[in-house]
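In what follows, a structure is listed as structure tokens, so that the remarks can point back to it.
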């Protein structure tokens, strides 16, 4: 079976796989809560998805121009703007026949339709038509689904390119009998009656929890079902009871009407747009053929989730010639569903439950509180959960505060059931709730129950009506008549279902029970077969451990529709979005864009696991409130859930709170944005300045703030804890903190943040900030300053200088080390200064300062700006970029042997993706610099090596100089990055620098590097680029010490690269022998190489590695497996900043420190004074280092390794603890103090013969002269 990981360098579909916010997936997943038809009365137990409000917030009033209750229903689509406060939406009512199939009545139904318009008008070539979406249920509201999730749906299906590809309308509707469509399924006179009944049923518990439970629930099902299906009197105007006309077949037929209506609207809209264009341009335009309405031939584009897959498959079977695109995700077995068995759904449920046990055991304690420090086995976790359940069976847990509640066995079983739908979000929270209950603390669980244990009011005017029985009416009408089933027969069925799934069988059987007492039969229902040859093949998607729609359903149903393909996703949870997979999303987008299906037997892997990667979370042992906050992210998941798209959650908590209509909008915004704290900001309208700053920093993607507390920044630091998802990481001193922020920024491909206090703190950090300035790293330095009064009066406050101190003297000292600064002197303009400064950090790629006087921290500032993200992209003139692109390509096309040279500023300016794509498209030879190493995959077929002038590997220099044109990308030509300035480009050079483009001897254009590279990728015509052959490089000469048993510089670096380095590693090479030895190697793909050899501040790498390992932990929980941080440093460098090893231990980080012990400052020895005492350091016994930093003696002994021979190092690097570290590892590697990499000695040799003689006289080996070795061209 072909497997695709979404983190693969070769993503599944060829279409742009843009990286999107995790929110899209959560919203998608809510779509999949659709397959949970619960009790006949729709259970009101709370959802496991945390929410400050009941799980389904009401819709707000629409607009003053549109009201559902007064909107006319027409036989064509006549859209009116609606819900304008939430975005660009249009609403309409569409009249359709009640009885398509038997014509027993002339009555009609009015469907509530919502449209989220495409980003372009219908006449634009990119307009792709409408995609109809269904949130499942049955009984889910399509209106609310699009209202809350339309943007996220667009993010998945639309082309990410603004120039090409398709963009779509997102269209949906409340199916007949549901929500805002009229008439609806009504079974109670008012909302209070309906909720009172639901509470009564809920208190009976699950089937089988007592001897009496079956009898009671049977009787209540009989009462509610019998009452609801009694013949009703005709309503106003002689309305016919809709319950006989709500089958999925009728809804599918409604979709035909909707597709036809959209075709008519499309042509009318095109005429309107073209007429407007005619008036403005004077040119006549007819409606293009593609936009003309074709009666009876319009086709559907559809994406359905869960129950929505049954609707989609039914449509495909009934109208196979109407399919243009059809995706069904979380596939229902239509035969089992139509028999009303609700049995086959549970084949994979226990796999999902097992994933809870296994993932809990995998991450261990404290990330999963149900694991044990002593026993992390899956069996242990499983037995512990069972014991917790059993403890409630006879002894429910009373809770006293904040209101009296009782947590029962049934409550907990239902909670577990709900968690199986959303493992990523729910499993950590479930584990904490279970652990709380085990300790007889039910407060958190009781808060969930309390949401639904109060009868609430009727919905506000203009919102969707409550249809408590619409889902039951649809499901039971679709299914076989079960009214002849006896209690004894049902009891046997219950036993079978519980045998299939002990976890949720009793809960799931309630669906079957609900239909036993539903006597209303439909006039028409579709009973198959679900097969046929559709106009375009279908894409079916299933998970390998879906709790209620087994993945095998997708495979089986694909067989019935010719050419269709089942795409599997390797994950637990309901629907593909239960686990984020960019692979799966890419295939969905590709299918909508081009119609291309995945290869058969494709399985996509996911980007994340329940509970996160092993030890990779931002913090160990998170509190329950932290986990609640983590789930507060908007997306398709949330929209589906709130739209009622769930068999279990479809009626769960669908209540309206007694509130004034004016506050309904705020409540919807809260559910729409989900981040509770962000909502409060908007509701409050102002926030403290300190809070505003940290909210902005969090929006930049920063999740960890480094620094040292001081008396002028303490109140500012307090506000970090107000920002959800932002963490404080304290350091041992400010220099180390700034280094850590630098390392964090390089790994996150964004910015890092450091906080210091006035004077002493900010000066301590200044050396690190200078390094970030030199190497163009994005670091935000926040300084807590003295108060404005202290500054004005020049008070002699501690940390100041002189008798009449200028408190801004430190600010002035850093002016040459930053690209921008926000010098806050008033709250009036503070937010604008902050925003512009943070923007400059990214635009110019360098450090910035934000100076915050202590008395401004709590000043209130407007929060409105927080709703709009800061624009981080540099401004440029597209015409200038286009002109530069053409000039570059003209030179390339005219050349005979072009090549590309990639330097480190490509990484600093976030252009790695564009540079890689350009290299792929050009197909020419590619070289990198010492500092640019790893930016281009070194396993790439056209990669030749590191070109460093005369200090290049064998044959590389001659091969490079054979180029007649070189594209130089992101050049940083410092001495240590250019072979002592011997890297000279003698041929035609095209410099694409950070902010400009120049062609040697020609014109210069002002344009940013990333924009130019993107333009080249888009524009280059590969057939015009000269074809090249790759030369064969000569073998490296054998060093004199090649057969030494000791560890040598000539051996170690290639050995590490060949046997130890691996994909996703972040490798730090301290300014020393590592920085000159490692460039000799060939990296595996996916390595992030970090060295600071331009600024060259020794000691940088140790704290920077701490920042990097924090960043890797964050990235692992978002999109990829956790990489390793490998710190290769020397003994001299380590001594300068060794304190941060203590923080590595404290934070539970797990870098591997490869410590080169060569008795001092070897890089200084080779420059001068090889045997002078100033190049010696205090000898240290490194085995004491980890215990000194409070690692237990036993663990420290296991995590320290020392070697003096090659064999010894080989054995150490084979250890699992070193290959897959779970804590800080120290590998002390003893080497000769006069042994240096050849690149280092050769670089010193560029200074002249005197330098060579001094090295040789001191005992260093120097290669014979600077001779050039030729590459061999085939």
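Residue numbers (the working numbering): 10 to 1283. Ideal placement from N, C-alpha and C gives every residue a C-beta, glycine not left out. Every value quoted in this text rests on a predicted model; they were computed, and no experiment measured them.
Which word fits residue 948, buried or exposed, when buried means at least 16 other C-beta atoms lie within 10 angstroms of its C-beta? exposed
With three or more beta-carbon pairs closer than 8 Å as the criterion, would you say the region 1205-1214 touches the region 1179-1186? no
Return the residue from the list 1036, 988, 1041, 384 that minimises the CA-CA distance to residue 1084. 988
Closest to residue 318 by CA distance: which of 326, 327, 336 is it? 336
Classify residue 1216 as buried or exposed, calling it buried when 16 or more other Cβ atoms lie within 10 Å of its own Cβ. exposed
Less than 8 Å between C-beta atoms, sequence neighbours within five positions excluded: which residues of the same chain meet that for residue 1012? 896
Residue 177 classed as buried or exposed, judged by whether at least 16 other C-beta atoms fall within 10 angstroms: buried
DSSP-derived helix/strand/coil call for residue 970: helix
Coarse secondary structure for residue 621, derived from DSSP in three states: coil
Using three-state DSSP, classify residue 616 as helix, strand or coil. coil
Pick out whichever of 359, 374, 541, 447 has its Cα sitting closest to the Cα of residue 398. 447
Determine contact between the region 837-844 and the region 861-877, defined as no fewer than three beta-carbon pairs at a distance below 8 Å. yes
Three Cβ pairs or more, each shorter than 8 Å: is that satisfied between the region 206-224 and the region 154-162? no
Inter-residue Cα distance where the pair is residue 322 and residue 501: 31 Å
Just mark residue 1315 as buried or exposed, buried being the case when its beta carbon has 16 or more other beta carbons within 10 Å. Summary: the structure shown does not reach residue 1315, with the chain confined to residues 10 through 1283, and so no result is reported for it.
Report yes if the CB atom of residue 315 is closer than 8 Å to the CB atom of residue 89, and no otherwise. no
Below 8 Å between beta carbons: does that hold for residue 525 and residue 499? yes
Tell me, which residues are paired with residue 551 by DSSP? 577
Coarse secondary structure for residue 1099, derived from DSSP in three states: strand
The beta strand (DSSP E) spanning residue 6 covers which residue range? There is simply no residue 6 to check, as the chain begins at 10 and stops at 1283 in what is shown.
Residues bridged to residue 143 [DSSP beta-bridge criterion]: 313
Taking Cβ positions only, does residue 75 come closer than 8 Å to chain B? The structure shown contains no chain B, having only a single protein chain.
Quick one, which of 1122, 1269, 1243, 94 has its alpha-carbon nearest residue 620's? 1122
Does the separation of the CB atoms of residue 122 and residue 86 fall below 8 Å? yes
Do you know offhand how far residue 731's Cα is from residue 1147's? 32 Å
If you reduce the DSSP assignment to three classes, tell me which class residue 1152 lands in. helix
Taking the C-alpha atoms as reference points, what is the distance between residue 396 and residue 402? 10 Å
Over the uninterrupted beta strand (DSSP E) stretch that includes residue 1014, give me the two end residues. 1013-1015
Tell me whether residue 1210 sits in a helix, a strand or coil according to DSSP, three-state version. strand
Report the rounded CA-to-CA distance for residue 1036 versus residue 899, giving the unit in angstroms. 16 Å
To the nearest angstrom, how far is it from the Cα of residue 946 to the Cα of residue 931? 15 Å
Is it buried or exposed, residue 1133, if we count other Cβ atoms within 10 angstroms and call 16 or more buried? buried
Which residues DSSP lists as bridging residue 1165, in chain order: 1139, 1238
Can you give me the C-alpha to C-alpha distance between residue 429 and residue 589, rounded to a whole angstrom? 15 Å
Cβ pair residue 117, residue 104 closer than 8 Å: yes
Exposure label - residue 810; buried when at least 16 CB within 10 Å: exposed
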